[in-house]
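>
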Amino acid sequence: MERDGVVNIGRGAVKKADVELAVHAEGLVRKFGENAAVDGVDLIVRRGEIYGFLGPNGAGKTTTIRMLATLLPPSSGTAEIFGHDIARDADEVRSRVSLTGQFASVDEDLTGHENLVLIARLLGHSRKESKARSAELLAAFGLSDAASRQVKKYSGGMRRRLDIAASIVVTPELLFLDEPTTGLDPRSRNQVWDIIRTLASEGTTVLLTTQYLDEADQLADRIAVIDNGKVIAEGTPGELKASVGAGALHVRLADPETRPEAERILSNSLGAPMHLESDPAALSARVSDPERVSRALAELSRSGVAVTDFALGQPSLDEVFLALTGRPADDNENNENPGGKEEEVA
Amino acid sequence: MSAPTTTTQNIAEESLRSALSSSERPKRPNALSASLTFGWRAMLKIKHVPEQLFDVTVFPIMFTLMFTYLFGGALAGSTGEYLQFLLPGILVQTVVFITIYTGFTLNGDIQKGVFDRFRSLPVWRPAVLVGALLADAARYTMASTIILVLGLVLGFRPEGGIVGVLLAVALVLVFAFSLSWIWTALGLVLRTPNSVMGVSMMIMFPLTFASNIFVDPQTMPSWLATAIGFNPITHLVTATRGLMDGTVTLGQMAAVFAACAILIVVFAPVTMYLYRNKK
C-alpha cells in the first residue's frame with residue numbers, strides 16, 4: 001500500500017483509458033525561491049466527482065489550484081485538464097474551468113449585477129444576454145434583492161454566493177473552489193454546500209480545497225490529504241478513516257481526579273494507549289475491536305470510576321491527519337467540529 | 347411575528363438547476379470588445395467611487411493657478427505672458443502625472459482576488475490592461491478639458507486654433523498611454539499600491555521638472571540643457587506648444603512618436619511578461 005511515501009488506499013491505479021479524467025497531474029512542483037510550496041503532487045480527478053483537497057494553511061493547496069487553473073506556471077511536472085495541457089493549451093483549459101479564489105474574486109466597488117454582467121460580457125455574451133443571465137443567477141442564488149448594491153456592502157455569505165455565481169455564468173466543466181466556506185457562519189456554509197452538491201449533480205466536476213476536515217467528509221467523493229506540498233494520502237473519506245483504525249472511543253469522566261486510574265484500566269483492557277484530551281476529564285483511544293470497548297467500560301464501572309459520557313465512532317479526519325503526519329493539523333482551532341461524526345452508543 | 351425573519355432569500359435549488367442547464371458557452375469576444383468591457387468596468391468604478399476623480403479635477407486647477415500667479419511675474423515678466431508659455435506644459439505635466447494612478451490602481455486590483463478571476467477567463471490577455479488604459483484616457487481627457495477651459499478663462503490664446511489644441515491634447519493622450527506601460531510594469535512588480543506611488547513619484551518629479559515645462563532650458567547651465575534635451579517630456583512639451591501655437595514641425599512630432607514607440611516596445615512586453623508570470 002505504501003508507494004513513494006504516499007499511502008494509497010484508493011481503488012488502485014487509474015488507467016487513463018478507463019475513465020475520462022478531469023484532472024491528471026504528474027509530479028507538479030512549484031518553487032518560490034528555495035522553498036517548494038508544491039513538491040511533487042500527483043492528482044487524478046474523474047469527471048463528475050467532487051474532489052477534496054485537504055490540508056492545513058500553507059500546505060500547498062492554493063498553489064496547486066492556481067497551477068491547474070493556468071494562473072501560475074509549474075516549476076516542473078505536467079498536468080492535463082480534460083486532456084489539455086495546462087502549459088501548451090492554456091486557452092483550452094481556461095474555456096473549461098472556472099476559479100473561485102480564496103479571497104472574494106469579485107469587484108467590491110461594483111454591484112452584484114454589474115459583476116455578473118462584466119463576467120458574462122467577457123465570456124462573449126451580448127449585452128442583453130448578459131443582463132438576463134445575471135438576473136437569472138442572482139435569483140438562483142437568492143441575491144435578487146441585493147442586485148444593485150455594491151458588493152462591499154454584502155455579508156460574507158452573500159459575497160461567497162456571488163463569487164460562485166460568477167464562476168458559473170457559463171457552466172464550467174471543472175470548477176475550482178479555494179476554501180469556499182472559510183470564514184462563513186454555519187448557515188451560509190450549509191448554503192454553499194447545497195450549491196456545490198447541486199453543481200456536481202448537474203455534471204460539473206468540483207475540485208475544492210478545505211482545511212475543514214468535516215467539510216471534505218461531507219462533500220467529497222474522494223480526498224487527497226496534502227501536507228508540506230506533498231499528497232500524503234488519497235482515497236474516499238471512508239477509506240481514509242479505515243486506514244487509521246476501526247474507530248475511536250471517547251470517554252468523559254465525572255471527576256477529573258480519576259483520570260489516571262481510568263487511563264490505566266482502559267489501556268489495559270483495550271490493549272491500546274489512551275490519548276489524554278485537553279479537557280482534563282476526557283480521554284480517548286483508537287480501537288480495533290468494539291467488543292473490547294464494552295468490556296473496558298464494564299471494567300471501569302466495576303472499579304467505581306464514574307463516567308458522564310462516552311461515544312464510539314468513526315475517527316474524524318482530524319484523527320486521520322494525526323495518524324498520517326504524526327502531528328495534528330495546524331490551525332485546528334478552525335475546525336468547528338473536531339469530534340467528527342460520532343454515534344452515541346450509550 | 348414568531349417566525350424567524352431572514353434577510354437573505356433561500357437558495358432555490360430548482361432555479362439553480364435551470365440556471366445551470368440554460369447556460370451555453372458563447373463565442374469568445376474579440377480583443378477590442380474584451381478591452382472595451384474592461385474599460386466599462388473602470389468607468390463603473392468611477393461612477394461608484396467618484397472621489398477618485400479628485401486628482402484629475404483639483405490638481406490641474408491648483409497647478410495652473412499656482413505656477414501662473416506665483417512664478418509667472420518672476421519667470422516671464424508678466425503672468426499673462428507666462429500663461430501663454432506655461433499652459434501647454436502644465437497640460438503635459440498634469441496628464442503624465444495622472445498616469446501613475448494606472449499602476450497604483452492595477453496594484454490594488456491584484457491585491458484583491460478579482461484579478462485571478464480575470465486571468466482565468468479565456469479572453470485576450472492584455473485586454474484587462476488595455477481596458478484600464480482606455481478608461482484612463484477618459485480621465486486624461488477630463489483633466490485636459492479642465493486645464494484648457496481654465497487657461498482660456500485666464501487669458502490663454504492658442505495661435506494654433508481649435509484644431510491645433512485638439513491635436514495637442516490627442517498627442518498628450520497618446521504619450522500618456524505609452525508612458526502608462528512603465529507604471530503597469532511597476533504595479534505588477536511592487537508589493538503595495540503605496541510603494542508603487544512612491545517609486546512613480548520619484549521618477550516623475552525629476553522627469554517633469556527637469557524639462558522645458560516651466561522654464562526655457564537656455565537659461566540653465568549647458569550640461570543641464572543638454573540632459574534635458576534627452577528627456578522625452580521635453581519633446582512632448584515642445585510638440586504640444588508647437589501644435590497650440592501653430593508652429594509645430596514634423597521633426598518635433600516625430601521625436602514624440604519615437605519616444606512613444608520606444609516606451610511601448612520596451613515596457614508593454616515587460617508588463618505582459620510580468621502579468622503572465624504573476625505569482
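Chains as they are written, first to last, in our numbering: chain A, 1 to 346; chain B, 347 to 625. The beta carbon of each residue, even a glycine, is placed where N, CA and C say it ideally should be. Since the model is a prediction, treat every value here as computed from it, not as a measurement.
For alanine 388 of chain B, collect the residues of the same chain with a Cβ closer than 7 Å to its Cβ; drop the 5 residues on either side in sequence, then sort them by chain order.
In the second sequence, residue 388 of chain B corresponds to position 42, counting from 1. Around alanine 388 of chain B: Gly477, Ala478, Ala481.
> Per DSSP, what are the beta-bridge partners of tyrosine 621 of chain B in this structure?
In the second sequence, the residue the question calls residue 621 of chain B occupies position 275. Paired residue(s): none; tyrosine 621 of chain B is not in a bridge.
> Below 6 Å CB to CB, which residues in the same chain sit around asparagine 337 of chain A once its five sequence neighbours on both sides are set aside?
Translated into positions along the first sequence, residue 337 of chain A becomes position 337. Reliability of the predicted coordinates at asparagine 337 of chain A is poor, the pLDDT of 36 falling under 50, and the value obtained from them is presented with this limitation in mind. Excluding residues within five positions, the ones whose Cβ falls inside 6 Å are Asp214.
> Return the CA-CA distance between valine 535 of chain B and threonine 445 of chain B, expressed in angstroms with no decimal places.
Here the question's residue 535 of chain B lines up with position 189 in the second sequence. Here the question's residue 445 of chain B lines up with position 99 in the second sequence. Rounded to whole angstroms, valine 535 of chain B to threonine 445 of chain B spans 17 Å at the Cα level.
> Contact defined as beta carbons within less than 8 Å: I believe glycine 247 of chain A pairs with valine 287 of chain A. What is the distance between those atoms, to the nearest angstrom?
Taking the first sequence and counting its residues from 1, the one referred to as residue 247 of chain A is at position 247. Taking the first sequence and counting its residues from 1, the one referred to as residue 287 of chain A is at position 287. That belief holds up - the Cβ atoms of glycine 247 of chain A and valine 287 of chain A are roughly 6 Å apart, short of 8 Å.
> Counting only beta-carbon separations shorter than 8 Å, does valine 45 of chain A have a partner in chain B?
Walking along the first sequence from the start, residue 45 of chain A turns up at place 45. Closer than 8 Å: no.
> With DSSP run on the structure shown, which of helix, strand or coil describes isoleucine 559 of chain B?
The count along the second sequence starts at 1 and reaches residue 559 of chain B at position 213. Isoleucine 559 of chain B: coil per DSSP, three-state reduction.
> Applying a beta-carbon distance threshold of less than 8 Å, which residues of chain A neighbour threonine 383 of chain B?
By 1-based counting over the second sequence, the position of residue 383 of chain B is 37. The contacting residues are Leu118, Arg121, Leu122.
> Comparing alpha-carbon positions, which option in B:Ala585, B:Phe523, B:Ala420 lies nearest glycine 449 of chain B?
Here residue 449 of chain B refers to the residue found at position 103 of the second sequence. When each option's Cα is compared against that of glycine 449 of chain B, the closest is B:Phe523.
> Bridge partners for glutamate 397 of chain B per DSSP, in chain order?
Residue mapping note: residue 397 of chain B aligns to position 51 of the second sequence, counting from 1. In the DSSP output, where bridge partners are listed per residue, glutamate 397 of chain B has none listed.
> Assuming serine 269 of chain A is part of the alpha helix (DSSP H), what are its boundary residues?
Position 269 of the first sequence, counting from 1, holds the residue named residue 269 of chain A. That run of the alpha helix (DSSP H) goes 259–270.
> Which residues in the same chain have their Cβ closer than 7 Å to the Cβ of alanine 146 of chain A, if we skip the five residues on either side of it in sequence?
Translated into the one-based positions of the first sequence, residue 146 of chain A becomes position 146. Excluding positions up to five away in sequence, the list reads Gly112, Tyr154, Met158.
> Below 7 Å on C-beta distance, what does alanine 380 of chain B contact in chain A?
Translated into positions along the second sequence, residue 380 of chain B becomes position 34. Chain A residues near alanine 380 of chain B: Leu122.
> Look at the alpha carbon of aspartate 4 of chain A and the alpha carbon of isoleucine 226 of chain A, and state the distance between them as a whole number of angstroms.
By 1-based counting over the first sequence, the position of residue 4 of chain A is 4. By 1-based counting over the first sequence, the position of residue 226 of chain A is 226. With a pLDDT of 47 at aspartate 4 of chain A, under the threshold of 50, the predicted position of this residue should be treated as unreliable, and no value is reported.
> Quick check: the Cα distance between alanine 224 of chain A and valine 192 of chain A, rounded to an integer number of angstroms?
Within the first sequence, the letter at position 224 stands for residue 224 of chain A. Within the first sequence, the letter at position 192 stands for residue 192 of chain A. So the alpha carbons of these two residues sit roughly 21 Å apart.
> Closer than 9 Å between beta carbons: that is the criterion. Which residues of the segment 159–170 of chain A meet it against chain B?
Answer set for the segment 159–170 of chain A: Arg161, Asp163, Ala165, Ala166, Ser167, Ile168, Val169, Val170.
> Output the boundary residues of the alpha helix (DSSP H) element that contains isoleucine 232 of chain A.
Translated into positions along the first sequence, residue 232 of chain A becomes position 232. First-last for isoleucine 232 of chain A: 230–235, but that is the beta strand (DSSP E), not the alpha helix (DSSP H).
> Out of curiosity, what's the CA-to-CA distance linking methionine 488 of chain B and glutamate 359 of chain B?
Residue 488 of chain B sits at position 142 when you count from the first residue of the second sequence. Residue 359 of chain B sits at position 13 when you count from the first residue of the second sequence. Approximately 48 Å, taken between the alpha carbons.
> Can you find the residues in the same chain that come closer than 6 Å, C-beta to C-beta, to phenylalanine 141 of chain A, ignoring five residues on each side of it along the sequence?
Here residue 141 of chain A refers to the residue found at position 141 of the first sequence. Correct list, in chain order: Arg161, Ala165.
> By how many angstroms is the C-alpha of leucine 416 of chain B removed from the C-alpha of isoleucine 528 of chain B?
In the second sequence, the residue the question calls residue 528 of chain B occupies position 182. In the second sequence, the residue the question calls residue 416 of chain B occupies position 70. Going by the C-alpha atoms only, they are around 32 Å apart.
> Rounded to whole angstroms, what's the CA-CA distance from alanine 79 of chain A to threonine 258 of chain A? Just pull it up for me.
For the purposes of this step, residue 79 of chain A is taken as the residue at position 79 of the first sequence. For the purposes of this step, residue 258 of chain A is taken as the residue at position 258 of the first sequence. Using only the alpha carbons, I get a separation of about 56 Å.
> At a Cβ threshold of 8 Å, is aspartate 482 of chain B touching chain A?
By one-based count along the second sequence, residue 482 of chain B stands at place 136. So, not an interface residue.
> Using a 10 Å radius around the Cβ and a threshold of 16 neighbouring Cβ atoms, would you call valine 41 of chain A buried or exposed?
Locating residue 41 of chain A in the first sequence gives position 41, where the first residue counts as 1. It counts as buried.
> For glycine 112 of chain A, return the contacting residues in chain B, with the cut-off set at a CB-CB distance below 7 Å.
For this step, residue 112 of chain A is matched to residue 112 along the first sequence. In chain order: nothing, as chain B lies at least about 12 Å away.
> Can you pull the chain A residues whose beta carbon is under 7 Å from the beta carbon of histidine 581 of chain B, in chain order?
As a first step, residue 581 of chain B is located in the second sequence; it is residue number 235 there, counting from the start. Within 7 Å Cβ-Cβ: nothing; histidine 581 of chain B doesn't reach chain A, min ~37 Å.
> At a Cβ threshold of 8 Å, is proline 73 of chain A touching chain B?
Along the first sequence, read from residue 1 onward, the residue named residue 73 of chain A stands at position 73. Output row for proline 73 of chain A: interface = yes.
> Given a cut-off of 8 Å, decide if valine 520 of chain B and phenylalanine 384 of chain B are closer than it, judged by their beta-carbon atoms.
Sequence index remark: in the second sequence, residue 384 of chain B carries index 38 (1-based). Sequence index remark: in the second sequence, residue 520 of chain B carries index 174 (1-based). Result no, Cβ atoms of phenylalanine 384 of chain B and valine 520 of chain B do not sit closer than 8 Å.
> Are the Cβ atoms of valine 29 of chain A and isoleucine 44 of chain A separated by less than 8 Å?
Residue mapping note: residue 29 of chain A aligns to position 29 of the first sequence, counting from 1. Residue mapping note: residue 44 of chain A aligns to position 44 of the first sequence, counting from 1. Result no, Cβ atoms of valine 29 of chain A and isoleucine 44 of chain A do not sit closer than 8 Å.
> Would you say threonine 354 of chain B faces chain A, with C-beta separation under 8 Å as the test?
On the second sequence, position 8 is the one that residue 354 of chain B refers to. Reliability of the predicted coordinates at threonine 354 of chain B is poor, the pLDDT of 43 falling under 50, and no value is obtained from them.
> Roughly how many angstroms lie between the CA atoms of methionine 543 of chain B and proline 372 of chain B, to the nearest whole one?
One-based indexing of the second sequence puts residue 543 of chain B at position 197. One-based indexing of the second sequence puts residue 372 of chain B at position 26. Taking the straight line from one Cα to the other gives about 40 Å.
> Using a Cβ-Cβ distance under 8 Å, would proline 375 of chain B count as near chain A?
By 1-based counting over the second sequence, the position of residue 375 of chain B is 29. Taking Cβ atoms only, chain A reaches closer than 8 Å to proline 375 of chain B, which makes this a yes.
> Which residues in chain B have a C-beta closer than 9 Å to the C-beta of arginine 94 of chain A? List them in chain order.
Translated into the one-based positions of the first sequence, residue 94 of chain A becomes position 94. Within chain B, the residues near arginine 94 of chain A are Arg465, Ser466, Leu467, Pro468, Val469.
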